[in-house]
Amino acid sequence: MRSSPENRPFRVLVDLTRQVDLTLLVEQLRKEGRDKLTRRRTVIESLESVAADQQRTLQPFLDELIERGVIDYVRPVAIVNRLIVEGSAAGILELSRHPAVASVLPDWSSEKRLFRENGRVEGGSPLLGESFTSWGVEAIGAPALWRQGLKGKGVVVAAIDTGVFGDHEQLRGRMLPDGRGWLDPVEGRQDPYDNHGHGTSVLSLAVGANTAGKTIGVAPEAEWAVALGNWNNFYSRSRMTRAADWVLRTVRPDVVINAWSDSHGECNSFDLPFINAWKAAGMFVVFPAGNAGPSPGSDESPANLAGTVPHGGPVFSTGGLDRSENGVQVFTHSSRGPNSCGGQPFPTLSAPGADLPFAYPPTADHYGTGNGTSLAAGLVGGAAALLIEADPDLTPEELEEILIRTARDLPPAGRDPDTGAGILDLAAALDAVRSR
Numbered sequence: 001m002r003s004s005p006e007n008r009p010f011r012v013l014v015d016l017t018r019q020v021d022l023t024l025l026v027e028q029l030r031k032e033g034r035d036k037l038t039r040r041r042t043v044i045e046s047l048e049s050v051a052a053d054q055q056r057t058l059q060p061f062l063d064e065l066i067e068r069g070v071i072d073y074v075r076p077v078a079i080v081n082r083l084i085v086e087g088s089a090a091g092i093l094e095l096s097r098h099p100a101v102a103s104v105l106p107d108w109s110s111e112k113r114l115f116r117e118n119g120r121v122e123g124g125s126p127l128l129g130e131s132f133t134s135w136g137v138e139a140i141g142a143p144a145l146w147r148q149g150l151k152g153k154g155v156v157v158a159a160i161d162t163g164v165f166g167d168h169e170q171l172r173g174r175m176l177p178d179g180r181g182w183l184d185p186v187e188g189r190q191d192p193y194d195n196h197g198h199g200t201s202v203l204s205l206a207v208g209a210n211t212a213g214k215t216i217g218v219a220p221e222a223e224w225a226v227a228l229g230n231w232n233n234f235y236s237r238s239r240m241t242r243a244a245d246w247v248l249r250t251v252r253p254d255v256v257i258n259a260w261s262d263s264h265g266e267c268n269s270f271d272l273p274f275i276n277a278w279k280a281a282g283m284f285v286v287f288p289a290g291n292a293g294p295s296p297g298s299d300e301s302p303a304n305l306a307g308t309v310p311h312g313g314p315v316f317s318t319g320g321l322d323r324s325e326n327g328v329q330v331f332t333h334s335s336r337g338p339n340s341c342g343g344q345p346f347p348t349l350s351a352p353g354a355d356l357p358f359a360y361p362p363t364a365d366h367y368g369t370g371n372g373t374s375l376a377a378g379l380v381g382g383a384a385a386l387l388i389e390a391d392p393d394l395t396p397e398e399l400e401e402i403l404i405r406t407a408r409d410l411p412p413a414g415r416d417p418d419t420g421a422g423i424l425d426l427a428a429a430l431d432a433v434r435s436r
């Protein structure tokens with residue numbers, strides 16, 4: 001690839017003019033009484049059809065630019081009708097003038113401090129002990145659902161993160177097969193890896209098998225898939241686009257855990273189309289509130305965004321809790337509202353996010369403990385899997401409403417900018433699911 005200053009390649013995201021109106025499509029499917037799986041298939045097929053049709057008409061022009069050497073690389077996606085393009089400034093400028101092009105955004109990356117608190121990583125588990133149960137799974141009431149046979153069987157949980165150490169004793173054997181369980185958009189490696197540890201820790205709280213006397217996961221029988229969207233703890237627009245597209249079209253999960261952010265203290269809507277596509281396709285989507293607290297207004301994007309399909313509501317965001325003498329309290333660094341993006345509540349609710357044990361690389365019996373709202377989001381993702389097992393027809397909007405309505409309020413009374421609706425209460429949520 002050229003490297004001289006005048007020809008230095010740029011990577012950009014090129015959005016085309018035709019995009020699917022997902023709110024309209026979901027409303028149409030609702031009126032027709034379509035079930036969730038039909039909704040999922042129809043949404044994905046609609047996105048793929050619109051993208052393929054317009055991208056096909058643009059292909060001769062792209063071929064010409066490639067032949068002339070001003071464009072080097074084009075990767076199409078369908079979650080948004082978008083092309084990821086690398087080329088010279090002149091080539092990208094020429095492409096931007098095509099009538100099929102709506103906008104051109106530069107790729108952008110930033111180091112994300114996903115763990116702001118000090119974690120303790122242990123070889124084996126000498127400090128944790130030979131056996132232990134996470135206070136987090138107990139605090140949200142997961143054992144009561146396990147006793148009723150609900151452990152996430154038949155449910156698929158996807159995560160976009162720093163990767164995953166898939167051979168850990170808490171995770172091995174439940175990765176989706178046939179290329180649906182792992183995506184590495186950086187190096188193209190076929191076997192899962194995690195060069196940071198964050199992805200392994202979060203996923204283990206969602207779907208850890210609770211083996212070897214170590215109980216850390218909420219949905220121990222759920223299957224999982226991971227896209228390496230934040231390589232070495234860095235976010236990039238192009239990598240996230242590829243990861244989001246793969247999750248939607250290849251994995252087709254029931255739950256999507258997004259333990260990352262792209263902006264602090266602002267409203268950055270770049271990732272909103274991904275969230276809307278997942279939700280339109282019937283997937284429950286959860287984000288951590290962030291670890292920028294305790295100041296008011298320390299919310300982060302995309303967790304603080306509104307405008308999600310089908311009703312324009314907020315992103316489902318999870319604050320973090322710590323243990324206290326009187327029960328639980330907000331974790332010191334959990335991001336707080338009020339929401340910088342308008343009047344929508346933030347966070348949505350809360351779950352344990354401090355002093356939690358989790359699986360960690362580099363060996364199959366390696367564990368650590370740490371703090372962060374990412375861990376809380378992992379617990380919520382696992383909780384969603386249990387409730388979806390109880391009622392596979394639950395739409396994401398129905399599940400969100402139930403989780404909010406049944407959360408146990410924490411002081412001060414009512415929804416507040418520290419803990420949202422309160423602590424996740426799985427037993428109450430299950431009762432609400434069964435009484436629908």
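Counted from 1, the sequence shown has number 382 at position 382 by my numbering; the numbering is strictly sequential. All C-beta atoms, glycine included, are put in the ideal place defined by N, C-alpha and C.
Spatial neighbours of G179 in its own chain (CB-CB distance under 8 angstroms, excluding positions within 5 residues in sequence) are listed in chain order as T250. Residue pairing of I423 in beta bridges, as defined by DSSP: S350, R408.
E400 is classed as buried because its beta carbon has at least 16 other beta carbons within 10 Å across all chains shown. Following the DSSP letters along the chain, one finds R172 in no alpha helix (DSSP H), marked with neither H nor E. The criterion of a C-beta distance shorter than 9 angstroms is not satisfied by G290 and D418. Spanning the alpha carbons of A383 and L203 requires a straight line of approximately 12 angstroms. L83 is the residue among L83, G69, P99 whose C-alpha sits nearest the C-alpha of R75.
When C-beta atoms of the region 370-387 are compared with those of the region 315-328, three or more pairs fall below 8 angstroms, so the two segments count as touching. Shown here, H196 sits in coil according to DSSP, grouped into three states, outside any helix or strand. Annotation: the region 8-83 contains the following complete segments of the alpha helix (DSSP H) (minimum length 4 residues), in chain order: 22-31, 36-67. One Cα belongs to G297, the other to D416, and the distance between them is close to 12 angstroms. Cβ neighbours of H198 within its own chain (closer than 8 angstroms, five residues either side excluded): L114, F115, D161, T162, N230, N233, A259, S374. At a Cβ-Cβ threshold of 9 angstroms, D245 and P302 do not count as neighbours. According to DSSP, D191 shares a beta bridge with no other residue. A check of alpha carbon separations from P60 across L248, A100, Q28 identifies A100 as the nearest. Counting only the Cα atoms, E325 lies some 43 angstroms from R239. Taking L16 as reference, the option from R30, R39, V85, Y367 with the minimal CA-CA separation is V85. In this structure, the alpha-carbon of L272 lies about 33 angstroms from that of E64. Counting only the Cα atoms, G136 lies some 55 angstroms from G69. Counting of Cβ neighbours within 10 angstroms places Q55 among the buried residues, the total reaching 16 or more. Contact between K214 and Y360 does not hold, since their C-beta atoms are separated by about 12 angstroms, which reaches or exceeds 8 angstroms. Contact check for L47 and V26: beta-carbon distance about 12 angstroms, past the 8 angstroms limit, so the pair fails to qualify.
Among the bridge pairs identified by DSSP, A225 is matched with A158. Nearest in C-alpha terms to P357, of all of D299, R11, N210, A158, is N210. In the three-state scheme derived from DSSP, where H, G and I count as helix and E and B as strand, P288 is classed as strand. Between P9 and G293, the alpha-carbon positions lie close to 39 angstroms from each other. Runs of the beta strand (DSSP E) spanning 3 or more residues and lying entirely within the region 264-324 occur at 284-288, 317-324, in chain order.
Beta-carbon to beta-carbon, A281 and V43 are separated by about 4 angstroms, close enough to satisfy the 8 angstroms threshold. Looking at the backbone, the Cα of S96 and that of L62 are separated by about 11 angstroms.
In chain order, T162, G163, V164, F165, T200, P361 place their CB closer than 7 angstroms to the CB of D194, counting only its own chain and leaving out the 5 sequence neighbours on each side. N258 sits in a strand when the DSSP states are folded into three classes.
Taking the C-beta atoms as reference points, L349 is found no nearer than 9 angstroms to V330. Beyond the five residues adjoining it in sequence on each side, P253 comes within less than 7 angstroms, by CB distance, of V156, V157, A158, A225, V247, M283 in the same chain, given in chain order. Boundaries for A102: no alpha helix (DSSP H) harbours it, while the beta strand (DSSP E) harbouring it runs 101-106, taken from the DSSP string. Assigned with DSSP and collapsed to three states, L95 falls in helix. Boundaries for V247: no beta strand (DSSP E) harbours it, and the DSSP string shows neither H nor E there.
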